[in-house]
Ligand SMILES: NC(=O)c1ccc[n+]([C@@H]2O[C@H](COP(=O)([O-])OP(=O)(O)OC[C@H]3O[C@@H](n4cnc5c(N)ncnc54)[C@H](O)[C@@H]3O)[C@@H](O)[C@H]2O)c1
C-alpha cells in the first residue's frame with residue numbers, strides 16, 4: 029500500500045482543481061437580486077416539494093401559481109397559507125393559462141413541474157418572456173424539443189436549468205471531487221440508471237398508497253394520469269437523467285468531452301401486463317393494453333474522449349431501488365450497489381474492495397459540509413434543497429445556472445435517440461452536439477464553488 033503516493037496525489041490534484049471560494053464567483057454584487065420572485069407551473073406532488081423549499085427560504089417570494097387540477101391548487105394554497113405567506117395570483121383556466129402567467133412583470137423565474145410533454149412549451153414561453161426557467165426531468169421528449177430549448181436560449185439569453193436533483197447526491201458529489209482530484213486515474217467507464225419499481229405509481233388510482241391499483245389515464249392519480257401512457261407508446265430509456273446527470277459531470281460532457289453515439293437494447297415487455305392481471309384480474313380492461321416499453325432497457329453511450337457509459341431503465345419489475353452507479357478509471361473503481369471502492373496502491377488489500385464510507389466522508393463536497401443542516405428538511409435525502417438552491421442562487425446572481433440548457437438538451441435527448449436505436453434493431457445512433465462545438469472550450473462549472 030503506497031499511502032505516500034496516495035497523499036501526494038490528493039494534495040497535488042486538490043490544488044489544481046480545488047473548490048473556488050464563493051467570493052471569487054460572485055463579482056456581480058451591484059446588479060445581484062436579493063430576492064427571487066417566482067411562479068410555479070404544475071403544483072402536483074413534485075411541484076409542491078419545490079414550493080415547500082421556496083416557502084422555507086426568506087429570499088424567495090411566490091407570486092403566482094398555475095395548475096389545471098383543483099386538488100393540486102388547493103394543496104398548494106394550503107401549503108402557502110400554512111407558511112404564513114401571502115396568497116399568490118392563480119392561473120387555473122385551462123392548459124394554456126401558463127401563457128398569461130409568464131407575462132407578469134413581478135416574476136424573475138418560473139419553475140415547471142408538469143407532465144413531460146408540457147416542459148418545453150412552458151420553458152420556452154418563460155424564456156421568451158425574459159424569465160429564468162427551471163424545468164423538471166426529463167426536460168424534453170423529442171430531439172426537436174432539445175434543439176428548440178437550445179435555440180430559444182441562444183436567441184433570448186434567458187437561462188434554463190434542468191432540475192436534476194441527483195447531481196447533488198452527497199455520494200456522487202464526493203465521487204466527482206475524487207475524480208477531479210485524480211483518485212481514479214483517467215476515467216474509462218461509468219454505469220448508472222433508473223432502477224425503481226414504479227408499478228404502484230403507474231397504476232395508482234389515488235385510493236391507496238400501497239400501489240395495488242391498476243388504473244391509469246383519466247382514472248389514474250398523479251403520475252398514473254400521464255406517465256403510464258409513455259410505457260404504452262414508447263420503447264426506449266424514457267427517464268435517463270437521474271443516472272446520466274451525475275455521470276455527465278464525472279465525464280465533463282459539454283465541457284471538454286461530448287457524447288458521440290449510443291446503442292440501445294430492450295427486453296420484452298412483461299411486467300406491466302402481469303401487474304394488471306395479478307392485481308385486477310385477466311378480464312380487467314387494462315389487461316388488454318399492449319405495453320411497448322421493454323422491462324429493462326440498456327443503453328451504451330460512447331464518449332468523444334473514449335469513455336463508455338451504460339444506462340439502465342428498469343421500472344416495471346419487482347426490485348429494490350438503485351441508480352446503479354459505478355465509476356471506473358485506470359486506477360480504481362467505485363461501486364455504489366455494494367458501497368465499496370478499490371483504489372490501486374491505496375486500498376489495503378490487492379484486488380479486494382474496501383468500504384466506501386471513509387472516502388465519501390474525506391471527500392465530502394463543501395456544499396454539503398456547509399449546508400447540511402439546511403438540507404435536513406428537504407426531500408430525497410436533502411438533494412431537493414440543493415437543486416432548488418442552485419437555481420435560486422443563479423437567478424439572484426444573474427448568472428448561468430450550474431446545470432444549463434445544453435445539459436438539459438443532451439441528457440434528455442438520450443430518450444428519443446434510444447427509441448430510435450431500438451426501432452432500428454439496436455443500431456448506433458449519433459448524438460447531436462447541442463453546443464455546436466463549444467464543448468471544446470467550455471470549462472466545467474458544476475460543483476466548483478461552495479455556494480451553488
Ligand atoms: N426530480 C425528481 O426527483 C422527481 C420526482 C418526481 C417527479 N419528477 C418530475 O416532476 C414532474 C411532475 O411530476 P409529478 O409527480 O409532480 O406529477 P403530478 O401528476 O403529480 O403533477 C403534475 C401537475 O401538473 C399539472 N398540469 C398538467 N398539465 C398542466 C398545464 N397545461 N398547465 C398547468 N398545470 C398542468 C397537473 O394538474 C398536476 O397537478 C415530472 O416531470 C416528473 O418526472 C421529478
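Numbering (my numbering), first residue to last: 29 to 480. All residues carry an ideal CB built from backbone N, CA and C; glycine is no exception. All values derive from a computational prediction rather than experimental measurement.
Look up residue i in the DSSP assignment and give the residues it is bridged to.
| i | result |
| --- | --- |
| residue 220 | 339 |
| residue 195 | Beta-bridge pairing links residue 195 to no other residue. |
| residue 413 | Answer is none; residue 413 lacks a bridge partner. |
| residue 215 | 357 |
| residue 68 | 93, 139 |
| residue 380 | Its beta-bridge partners do not exist; DSSP assigns none. |
| residue 362 | 355, 369 |
Compute the beta-carbon to beta-carbon distance between residue i and residue j, rounded to the nearest angstrom, for a pair I have assumed lies under 8 angstroms.
| i | j | result |
| --- | --- | --- |
| residue 285 | residue 467 | 7 angstroms |
| residue 359 | residue 279 | At roughly 16 angstroms, the Cβ-Cβ gap does not stay under 8 angstroms, so residue 359 and residue 279 are not in contact. |
| residue 400 | residue 479 | Between residue 479 and residue 400 the Cβ distance is about 14 angstroms, and since that is not below 8 angstroms, they are no contact. |
| residue 104 | residue 93 | 5 angstroms |
| residue 242 | residue 312 | 6 angstroms |
Alpha carbon to alpha carbon, how far is residue i from residue j?
| i | j | result |
| --- | --- | --- |
| residue 78 | residue 189 | 14 angstroms |
| residue 63 | residue 88 | 6 angstroms |
| residue 230 | residue 251 | 7 angstroms |
| residue 179 | residue 324 | 33 angstroms |
| residue 343 | residue 222 | 7 angstroms |
| residue 363 | residue 402 | 28 angstroms |
| residue 327 | residue 273 | 15 angstroms |
| residue 163 | residue 414 | 15 angstroms |
| residue 281 | residue 460 | 12 angstroms |
| residue 430 | residue 418 | 7 angstroms |
| residue 72 | residue 380 | 46 angstroms |
| residue 397 | residue 314 | 49 angstroms |
| residue 277 | residue 474 | 7 angstroms |
| residue 213 | residue 424 | 37 angstroms |
| residue 444 | residue 378 | 43 angstroms |
| residue 61 | residue 426 | 8 angstroms |
| residue 470 | residue 161 | 22 angstroms |
| residue 382 | residue 372 | 11 angstroms |
| residue 183 | residue 82 | 29 angstroms |
| residue 143 | residue 127 | 16 angstroms |
| residue 455 | residue 291 | 6 angstroms |
| residue 204 | residue 196 | 10 angstroms |
Tell me whether residue i is buried or exposed, calling it buried when 16 or more other Cβ atoms sit within 10 Å of its Cβ.
| i | result |
| --- | --- |
| residue 134 | exposed |
| residue 513 | Nothing about residue 513 can be reported from this structure: the residues present for the chain run from 29 to 480 only. |
| residue 76 | buried |
| residue 51 | With a pLDDT of 34 at residue 51, under the threshold of 50, the predicted position of this residue should be treated as unreliable, though the coordinate-derived value follows. Burial call: exposed. |
| residue 177 | buried |
| residue 56 | Any answer about residue 56 is weak, because its pLDDT of 44 lies below 50 and its placement is not dependable; what the coordinates show is given next. It counts as exposed. |
| residue 349 | exposed |
| residue 172 | exposed |
| residue 298 | exposed |
| residue 120 | exposed |
| residue 405 | exposed |
| residue 116 | buried |
| residue 168 | buried |
| residue 375 | buried |
| residue 316 | exposed |
| residue 49 | With a pLDDT of only 37 at residue 49, under 50, the local geometry of the prediction cannot be trusted, and no value is derived from it. |
| residue 465 | exposed |
| residue 147 | buried |
How about residue i: is its C-beta nearer than 8 angstroms to some C-beta of chain C?
| i | result |
| --- | --- |
| residue 262 | Looking at the structure shown, chain C is missing, and only one protein chain is on hand. |
| If you scan the stretch 292-360 from start to end, which runs of the beta strand (DSSP E) of 3 or more residues do you find wholly inside it? | List check, beta strand (DSSP E) in window: 324-331, 336-342, 354-357.
| task | Report the residue ranges of all alpha helix (DSSP H) runs contained in full by the stretch 241-277; include only those spanning at least 4 residues, in chain order. | result | As for any alpha helix (DSSP H) of minimum length 4 sitting wholly inside the stretch 241-277, the runs are 255-261, ordered along the chain.
| said: Suppose only complete runs of 3+ residues qualify. What are the beta strand (DSSP E) ranges in the stretch 157-206, listed by chain order? | reply: Note on the stretch 157-206: whole beta strand (DSSP E) runs with a minimum of 3 residues are 160-163, 188-190, in chain order.
| In chain order, which continuous runs of the beta strand (DSSP E) of length 3 or greater are located wholly inside the stretch 382-428? | Taken in chain order, the complete beta strand (DSSP E) segments of 3 or more residues contained in the stretch 382-428 number zero; there are none.
| query | Which parts of the stretch 104-130 are runs of the alpha helix (DSSP H), unbroken and 4 residues or longer, counting only runs that do not cross its ends? | reply | You should have 126-129.
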